[in-house]
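*Asks:*
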Amino acid sequence: MATRALLEVIALDAGDAVAAQAGGADRLELVTDMGADGLSPSVRTFTEVRTAVDIDVRVMLRLADGFAAENLAALVRVACDMRAAGADEFVLGFLGEDGGADLDAVERIVAELDGCRWTFHRAIDRAADRDALRKQLADLQGLDAYLTAGSADGVDDGMPVLLTEAARRGEPGYTQRLVIGGGLRLDHLPSLRAAGVHAFHIGGAARPGGWAAPVDADAVREWRTALDGPVGRGGQGRR
Numbered sequence: 042m043a044t045r046a047l048l049e050v051i052a053l054d055a056g057d058a059v060a061a062q063a064g065g066a067d068r069l070e071l072v073t074d075m076g077a078d079g080l081s082p083s084v085r086t087f088t089e090v091r092t093a094v095d096i097d098v099r100v101m102l103r104l105a106d107g108f109a110a111e112n113l114a115a116l117v118r119v120a121c122d123m124r125a126a127g128a129d130e131f132v133l134g135f136l137g138e139d140g141g142a143d144l145d146a147v148e149r150i151v152a153e154l155d156g157c158r159w160t161f162h163r164a165i166d167r168a169a170d171r172d173a174l175r176k177q178l179a180d181l182q183g184l185d186a187y188l189t190a191g192s193a194d195g196v197d198d199g200m201p202v203l204l205t206e207a208a209r210r211g212e213p214g215y216t217q218r219l220v221i222g223g224g225l226r227l228d229h230l231p232s233l234r235a236a237g238v239h240a241f242h243i244g245g246a247a248r249p250g251g252w253a254a255p256v257d258a259d260a261v262r263e264w265r266t267a268l269d270g271p272v273g274r275g276g277q278g279r280r
C-alpha cells in the first residue's frame, strides 16, 4: 500500500491553521515572527489554533534568531507552559559553539516534554557534521523527525545530501523521518519521493501574497494534489 505523504504547513495563527487544514495539510508547525525564522508562539495562540483545527500541531520552542539556546531557563518555562496548555508535539534544535548539538540544552528541554514527539529543526543544516549530530541525538526520547533542506542555502543546494540521507534510512542515527523544507518547490518532489521521502514542509509556498498575507487554502491544495499523485508528477510550483 502506498504511503500518504505528510504535508506540514507553517501557521502563525488560527486563520492560517484553518486554511491549511482546508487545503489538505496533515500537520502544522506553529510559530511566530518569521522575520526571525520562526519563534515560539504564545500559549493563547496555541489554544486558539488547537480549538480551530483537528490536525496535528507542532509548537516551536525557540526564543531568538539563530541556533544557540541563550536563555535555557526561559525555554524550559515555555515548554512547561505549552505542555500545561495541552501541546503534545514540538519543534526544537540548538547548536553549541563547536557546531554540534547542544546536548545539555536539548536534553534539558526534552526532559520537560514527557515523551512527546518532536522534530529537530533546520539547525541540522548549520551543523559542522550532520552525521555526528544525528548520532549524538539518536537515543533522545520522542525525536521522530528532522526538518532539513540538506543545506543552509536550501533544497536546490542540499538535494545530494537529502538523497544520500534518504538512502541511509534505518541505519543508526537515521531512523527518524526526513521532513523536507527550506526553498522546497514542486519540481523537487519527484526525485525526493522516488528516494522514499514521504514528508514535506512549506511556508512561503502556502502564502502567494508573502508572509504578510495569510495561508491560502488553494496554494496548500496544489501541494496536496501533487503529493497525492503518482510518483514522478510535479511542476515548477512556488517555494
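Counting from 1, position 236 in the sequence shown corresponds to residue 277 in this note's numbering; the numbering is continuous, with no gaps.
C-beta: ideal position from N, C-alpha, C; glycine also.
These numbers were taken from a predicted model, which means no experiment stands behind them.
1. Using alpha carbons as the reference points, say which of Gly183, Gly141, Val151 lies closest to Ala164.
2. Since Leu48 and Leu268 should fall inside the 8 angstroms C-beta cutoff, what is the C-beta to C-beta distance between them, to a whole number of angstroms?
3. Measure the alpha-carbon distance for Leu80 versus Asp129 and round it to whole angstroms.
4. Under a three-way DSSP split, which group does Thr160 fall into?
5. Distance check for Pro231 and Gly237, CA to CA, integer angstroms please.
6. Please determine if the segment 171-188 and the segment 154-163 are in contact, where contact requires at least 3 C-beta pairs separated by less than 8 angstroms.
7. Have a look at the DSSP bridge pairing and note the partners of Glu70.
8. Since I believe Glu212 is in contact with Val132 (beta carbons under 8 angstroms), could you give me their beta-carbon distance rounded to a whole number of angstroms?
9. Please name the residue, chosen from Gly250, Gly245, Asp122, that lies closest to Val50 on a Cα-to-Cα basis.
10. Can you list the beta strand (DSSP E) stretches of 3 or more residues lying completely in the segment 186-236, in chain order?
11. Between Leu204 and the rest of its own chain, which residues show a CB-CB distance below 6 angstroms, the 5 nearest in sequence each way excluded?
12. Pick helix, strand or coil for Phe135, following the three-state DSSP scheme.
13. Pick from Ala120, Ala93, Leu136, Asp78: whose alpha carbon is nearest that of Val151?
14. Counting beta carbon pairs with one atom in the segment 104-119 and one in the segment 170-177, are three or more of them shorter than 8 angstroms?
15. Give a yes or no on whether the C-beta atoms belonging to His242 and Gly214 are separated by under 8 angstroms.
16. Here's a check: name, in chain order, each residue in its chain whose Cβ is nearer than 7 angstroms to the Cβ of Leu116, leaving out the five neighbours to either side.
17. Tell me whether the beta-carbon of Val261 lies closer than 8 angstroms to the beta-carbon of Leu225.
18. Ser83: buried (16+ other C-beta within 10 angstroms of its C-beta) or exposed?
19. Note down the Cα distance separating Ala99 from Asp259, rounded to an integer number of angstroms.
20. For Ala46 and Arg218, what's the separation of their Cα atoms in angstroms?
*Replies:* Considering the structure as presented:
1. Looking at the Cα atoms, Gly141 is the closest of the given residues.
2. 6 angstroms
3. 17 angstroms
4. Thr160 falls in the strand class under three-state DSSP.
5. 10 angstroms
6. yes
7. The partner list for Glu70 (beta bridge, DSSP) reads Ile51, Arg99.
8. Not quite, the Cβ-Cβ distance comes to about 24 angstroms (not below 8 angstroms), so this is no contact.
9. In terms of Cα proximity to Val50, the closest of Gly250, Gly245, Asp122 is Gly245.
10. 218-221
11. Ala236
12. coil
13. Ala120
14. no
15. no
16. Hits under 7 angstroms: Leu102, Leu104, Ala110, Ile150.
17. no
18. Classification of Ser83: exposed, given that the 10 Å Cβ count is below 16.
19. Note that residue 99 is Arg in the sequence shown here, rather than Ala. Our two residues, Arg99 and Asp259, have alpha carbons roughly 22 angstroms apart in a direct line.
20. 12 angstroms
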